[in-house]
Amino acid sequence: MNGLKVLGFLVSAAILGFIYKTTRNQSTIPYILSYISAPSNNTIMNPWNILREGNGVMFLETTDRMEPPPLVLCSIESAARVYPDRPVVFFMKGLTDINSEEDEKRAKERFPSLSALKNVYIFPLRMEELFNSTPLLRWYLKADPKQEKYWIHNLSDGCRMAMIWRYGGFYFDSDVISMRPIPEKNFLTAENLHTSGSSVFGLTPHHSFAWRSLNDFVDNYNGDVWGNQGPALFTRVLKQSCELHDFKSLDNVVCGNISFLHPERIYPIPYVNWRKYFEVWDKLPTFDNSYALHLWNYMNSQEKRTVDIGSNTLVENLYKQYCPSIYGLLSKKM
Numbered sequence: 139m140n141g142l143k144v145l146g147f148l149v150s151a152a153i154l155g156f157i158y159k160t161t162r163n164q165s166t167i168p169y170i171l172s173y174i175s176a177p178s179n180n181t182i183m184n185p186w187n188i189l190r191e192g193n194g195v196m197f198l199e200t201t202d203r204m205e206p207p208p209l210v211l212c213s214i215e216s217a218a219r220v221y222p223d224r225p226v227v228f229f230m231k232g233l234t235d236i237n238s239e240e241d242e243k244r245a246k247e248r249f250p251s252l253s254a255l256k257n258v259y260i261f262p263l264r265m266e267e268l269f270n271s272t273p274l275l276r277w278y279l280k281a282d283p284k285q286e287k288y289w290i291h292n293l294s295d296g297c298r299m300a301m302i303w304r305y306g307g308f309y310f311d312s313d314v315i316s317m318r319p320i321p322e323k324n325f326l327t328a329e330n331l332h333t334s335g336s337s338v339f340g341l342t343p344h345h346s347f348a349w350r351s352l353n354d355f356v357d358n359y360n361g362d363v364w365g366n367q368g369p370a371l372f373t374r375v376l377k378q379s380c381e382l383h384d385f386k387s388l389d390n391v392v393c394g395n396i397s398f399l400h401p402e403r404i405y406p407i408p409y410v411n412w413r414k415y416f417e418v419w420d421k422l423p424t425f426d427n428s429y430a431l432h433l434w435n436y437m438n439s440q441e442k443r444t445v446d447i448g449s450n451t452l453v454e455n456l457y458k459q460y461c462p463s464i465y466g467l468l469s470k471k472m
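FYI, in the working numbering the residues of the sequence shown are 139 to 472.
So this is what it looks like as structure tokens:
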């Protein structure tokens, strides 16, 4: 009998001890978790931390310019709004080192139209680090920019290919206004029926097309021919795998696991008609078949047209709808 009492006492003590420990632990768990998950301003920040999921949207600035024009800011803002669940990263060559969340926050504050967008990040563009372990590193170290006719453009072509190879995701030129999500993972965009563009494309990390493009960049390099390292390169590499047939209606062409998007998706207004973006239309186009619009900023390099507040041009209406923050700031300066 005494043995049963002792056993009962021990069982009761064990149960009470378990309840106490459980209750105590449950009361402290939220505090522990909140401490672990609380962001720290000293957290190490680098592109890999942000882009490791392979779903980022990337932009480039390959000059030392630190005051991007409104179109660049509109491009980034529109992408951040269209892809709210993806990190949107702007790489800038002229930016100093960013090593912490506080550094990144200060860099972002330079651009008020972007500072409120939680999925936008800004990082330095470090060429040698980006090109490391790719065919482009040796090319970059040997290149003489002073002897290059289109150095900045060719450098940009190389950077975008290396970024997509390394991180995966989407690349957008900074004169592209996003309107709706692109539903593909691996895609190129047709400028016309038989030529690929390089201003918008997307691939998963370490995709074979990206690696073949990096090799072609070096093997067939000709910096004196405009577009040889960009649209012409993508077209060459794509034709190695597929014969490019005419598009049927608005359907995309499929080449292996890559979708070749119809010209209407990004280039509904071809480059020869680029001025139409800066004209007043009797009836604004809806661009129902497009995911984004390429505004052909290179064609505008001489005339330097920009958005004119109150003009009712097509580009002003695009700013109003797809990048309202930068449009609001421009309006206040009037």
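Even for Gly, the Cβ is constructed at its ideal location relative to N, Cα and C.
Can you tell me whether residue i is helix, strand or coil according to DSSP?
i: Y309; result: strand
i: I290; result: helix
i: E441; result: coil
i: N353; result: helix
i: Y475; result: Here the chain covers residues 139 to 472 and nothing more, so residue 475 does not appear.
i: Y409; result: helix
i: A430; result: strand
i: C393; result: strand
i: V226; result: strand
i: L255; result: coil
i: P262; result: strand
i: Y173; result: Per-residue confidence for Y173 stands at a pLDDT of 29, beneath the threshold of 50, marking its modelled position as unreliable; the derived number appears in the next sentence. Of the three classes helix, strand and coil, the one that applies to Y173 here is helix, per DSSP.
i: G232; result: coil
i: L456; result: helix
i: L268; result: helix
i: F347; result: helix
i: I320; result: coil
i: I302; result: helix
Are the beta-carbon atoms belonging to residue i and residue j less than 8 angstroms from one another?
i: S439; j: V314; result: no
i: W277; j: V356; result: yes
i: R264; j: G232; result: no
i: P319; j: V220; result: yes
i: G368; j: S336; result: yes
i: P225; j: N184; result: no
i: Y259; j: V210; result: no
i: N455; j: L431; result: no
i: W412; j: M437; result: yes
i: L293; j: T200; result: yes
i: G307; j: N390; result: no
i: P401; j: A328; result: yes
i: L198; j: R298; result: yes
So, for residue i: in the same chain, excluding its five sequence neighbours on each side, which residues have a beta-carbon less than 6 angstroms away from its beta-carbon?
i: S253; result: K246 and E247
i: T272; result: A300 and L352
i: Y429; result: R318, I320 and R403
i: H332; result: L382
Under the rule that 16 or more other beta-carbon atoms within 10 Å means buried, what is residue i, buried or exposed?
i: I236; result: buried
i: T234; result: exposed
i: T424; result: exposed
i: W186; result: exposed
i: S387; result: exposed
i: M230; result: buried
i: C380; result: exposed
i: N358; result: exposed
i: V363; result: exposed
i: E215; result: buried
i: S463; result: buried
i: G365; result: buried
Only counting the same chain, and skipping five residues up and downstream in sequence, which positions put a Cβ closer than 7 angstroms to that of residue i?
i: F325; result: F339, G340, I396, S397 and L399
i: P283; result: W289
i: M93; result: Because the chain spans 139 through 472 in this model, residue 93 falls outside it and cannot be assessed.
i: L274; result: G296, A300, L352, F355 and V356
i: Y415; result: I407, L433, L452 and V453
i: P250; result: L467
i: D384; result: L331
i: H291; result: none
i: Y173; result: Residue confidence for Y173 is low, a pLDDT of 29 falling below 50, so the modelled location carries little weight and cannot support an answer.
Considering residue i, what are the terminal residues of the alpha helix (DSSP H) in which it resides?
i: P208; result: P208 to V220
i: I188; result: P185 to L189
i: G466; result: P462 to K470
i: V375; result: P369 to S379
i: K284; result: Taken as a continuous stretch (DSSP letters only), K284 belongs to no alpha helix (DSSP H), as it is neither H nor E.
i: K386; result: Segment: none, K386 is in no alpha helix (DSSP H) and carries neither H nor E.
i: R248; result: Here R248 belongs to no alpha helix (DSSP H), and DSSP marks it neither H nor E.
Mind checking which residues open and close the beta strand (DSSP E) that includes residue i?
i: L326; result: F325 to N330
i: S417; result: In the sequence as presented, Ser is not what sits at residue 417; that position holds Glu. No beta strand (DSSP E) holds E417; DSSP gives it neither H nor E.
i: E199; result: V195 to E199
i: G448; result: Element bounds for G448: n/a, residue is neither H nor E.
Who are the Cβ neighbours of residue i in its own chain at under 8 angstroms, not counting the five residues just before and after it?
i: P207; result: T444
i: F372; result: L326, S334, G335, S336, F339 and S351
i: D295; result: S336, F355, Q367, G368 and L371
i: V375; result: F347, R350, S351 and D354
i: V392; result: F398
Does the beta carbon of residue i come closer than 8 angstroms to any beta carbon on chain B?
i: G232; result: Of the protein chains in this structure there is only one, and it is not chain B.
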